[in-house]
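**Q**
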Amino acid sequence: MSRSTRILGTGSGLPPRIVTNADLATELGARGLETSDDWIVGRTGIRQRHLAAPDVTSSQLATEAAGNALQAAGLGPADIDLIIVATSTPDYVFPSTACLVQKALGVEQGAAFDVQAVCAGFVYALATADSMIRTGLARRALVIGAEVFSRILDWNDRGTCVLFGDGAGAVVLGAADEPGILAARLHADGRHESILRTAGNVSGGAIIGHPFLTMDGQAVFKLAVTVLDQVGREVVEEAGLQLADVDWLIPHQANVRIMQATAKRLGIPTSKVIITVDRHANTSAASIPLALDAGVRDGRIQPGQRVLMEGVGGGFTWGAVLARM
Ligand code: UT7
Numbered sequence: 001m002s003r004s005t006r007i008l009g010t011g012s013g014l015p016p017r018i019v020t021n022a023d024l025a026t027e028l029g030a031r032g033l034e035t036s037d038d039w040i041v042g043r044t045g046i047r048q049r050h051l052a053a054p055d056v057t058s059s060q061l062a063t064e065a066a067g068n069a070l071q072a073a074g075l076g077p078a079d080i081d082l083i084i085v086a087t088s089t090p091d092y093v094f095p096s097t098a099c100l101v102q103k104a105l106g107v108e109q110g111a112a113f114d115v116q117a118v119c120a121g122f123v124y125a126l127a128t129a130d131s132m133i134r135t136g137l138a139r140r141a142l143v144i145g146a147e148v149f150s151r152i153l154d155w156n157d158r159g160t161c162v163l164f165g166d167g168a169g170a171v172v173l174g175a176a177d178e179p180g181i182l183a184a185r186l187h188a189d190g191r192h193e194s195i196l197r198t199a200g201n202v203s204g205g206a207i208i209g210h211p212f213l214t215m216d217g218q219a220v221f222k223l224a225v226t227v228l229d230q231v232g233r234e235v236v237e238e239a240g241l242q243l244a245d246v247d248w249l250i251p252h253q254a255n256v257r258i259m260q261a262t263a264k265r266l267g268i269p270t271s272k273v274i275i276t277v278d279r280h281a282n283t284s285a286a287s288i289p290l291a292l293d294a295g296v297r298d299g300r301i302q303p304g305q306r307v308l309m310e311g312v313g314g315g316f317t318w319g320a321v322l323a324r325m
């Protein structure tokens with residue numbers, strides 16, 4: 001059994017097509033739906049999003065992100081014995097997106113499976129991989145958040161379709177003797193399942209239920225701010241540290257107002273918050289690893305620094321991982 005798990009590399013996979021708020025306003029306007037750059041930026045901080053071409057899948061974006069993370073770690077497919085993909089927009093009902101990524105990368109050993117915890121999916125997957133590495137079930141893992149959320153958006157609902165984007169982010173984890181992942185905490189409360197969901201499925205060869213995302217935005221907003229504060233405190237305490245010891249806060253990137261409110265409640269200055277929601281919009285399970293990779297690659301996040309990652313989303317699910325880079 002190893003004592004700890006370290007993040008050895010990070011990577012991103014973003015579809016090349018960028019759609020600005022102005023582009024969306026024109027597109028929606030042509031169908032009689034009014035929106036504006038001012039409204040979207042003012043309410044959410046989002047300025048643009050990447051949208052995948054119709055034939056691009058979560059597994060393809062995940063494979064790109066994983067390849068970049070492996071390169072950053074100086075490792076190859078033969079080094080990986082666990083792949084976990086967090087996604088709510090899998091390629092298929094089955095096999096899992098993780099198995100498709102495994103095949104695409106040429107990984108021929110170990111376990112591969114998906115985690116479904118919506119926007120908290122990445123922290124769920126990270127905590128799961130950390131546990132498996134510390135108990136000796138795996139030695140080196142790829143943990144990926146990957147989404148093509150544009151597929152489950154109702155483009156006639158201006159209250160939701162302007163909020164999301166597509167993309168994937170990945171980390172490579174490895175067993176280590178010195179501390180990497182310092183603590184993790186996961187929560188769910190299914191009583192709130194109806195405030196954010198895509199309540200459809202396939203059955204008998206047809207779509208049943210409602211195949212588009214629906215959300216009670218204000219209910220999600222309020223709950224998110226409350227639980228992100230609570231779980232941030234829990235995980236820092238579990239690690240035996242203080243909030244002042246956190247070098248970077250990476251909350252789920254849904255709305256800059258939620259992130260600012262969370263940082264304020266935790267007493268963490270906004271200068272320590274990594275924000276990518278302006279560029280990527282809400283990419284659900286991909287948002288935290290995309291932000292982590294952005295912070296690592298632009299040189300803000302340095303080795304030895306402590307990063308607090310916090311996810312929250314449908315289910316209702318939430319969780320946090322505190323990692324030393
Ligand atoms: O991944 C986790 C899940 N998601 C979240 O964390 C999102 C949480 N919620 C939010 O971020 C916010 O609640 C929203 C950004 C979704 C909405 O902001 P809000 O300040 O709660 O606005 P609202 O829903 O109360 O809507 C205000 C107004 C309404 O018009 P009336 O009724 O006041 O006349 C909406 O119809 O804004 C209108 N509106 C829009 N106007 C222009 C809603 N969507 C749009 C739009 N463009 N795209």
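Just so we're aligned: 199 in our numbering is position 199 of the sequence shown, and the numbers increase by one with no gaps anywhere. For every residue, glycine included, the Cβ atom is placed at its ideal position computed from N, Cα and C. A quick note: this is a predicted structure, and the numbers were derived from the prediction, not measured.
1) Determine which residues share a DSSP beta bridge with GLY11 and list them.
2) Would you say the beta carbon of PHE333 is closer than 6 Å to some non-hydrogen atom of the ligand UT7?
3) Can you say whether VAL236 is buried or exposed, counting buried as having 16 or more other CB atoms within 10 angstroms of its CB?
4) Return the CA-CA distance between ALA78 and GLU27, expressed in angstroms with no decimal places.
5) Please name the residue in ARG233, ALA224 and ARG151 whose C-alpha comes closest to that of GLY315.
6) Along the alpha helix (DSSP H) that carries LEU341, what are the first and last residues, could you check?
7) Per the DSSP calculation, ILE195 is bridged to which residue(s)?
8) First and last residue of the alpha helix (DSSP H) that includes HIS280?
9) Can you give me the C-alpha to C-alpha distance between ILE250 and ARG306, rounded to a whole angstrom?
10) Can you check which of these residues, GLY240, GLN302, ASP157 and ARG257, is closest to ALA25 by C-alpha distance?
11) Quick one: give me the first and last residue of the alpha helix (DSSP H) that VAL225 is part of.
12) Does the beta carbon of GLN116 fall short of 6 Å from some heavy atom of the ligand UT7?
13) Below 7 Å between beta carbons: does that hold for ALA86 and ALA98?
**A** Taking the structure as given:
1) Answer by DSSP bridge pairing, in chain order: ALA170.
2) Nothing can be reported for residue 333: it is not among the residues displayed for the chain, which extend from 1 to 325.
3) Only buried fits VAL236, as 16 or more other CB atoms lie within 10 angstroms of its CB.
4) Straight-line Cα distance between these residues: approximately 45 Å.
5) Of the candidates ARG233, ALA224 and ARG151, the one whose C-alpha sits nearest the C-alpha of GLY315 is ALA224.
6) As shown, the chain starts at 1 and ends at 325. That puts residue 341 outside it, with no answer to give.
7) For ILE195, DSSP records no beta bridge to any residue.
8) From DSSP, the alpha helix (DSSP H) with HIS280 extends over 277-280.
9) Looking at the two C-alpha atoms, the distance is approximately 11 Å.
10) Among GLY240, GLN302, ASP157 and ARG257, the Cα nearest to that of ALA25 is on ASP157.
11) Segment 217-238, the alpha helix (DSSP H) holding VAL225.
12) Remark: the shortest separation between the CB of GLN116 and any heavy atom of the ligand UT7 does not fall under 6 Å.
13) Not a contact, by the Cβ cut-off of 7 Å.
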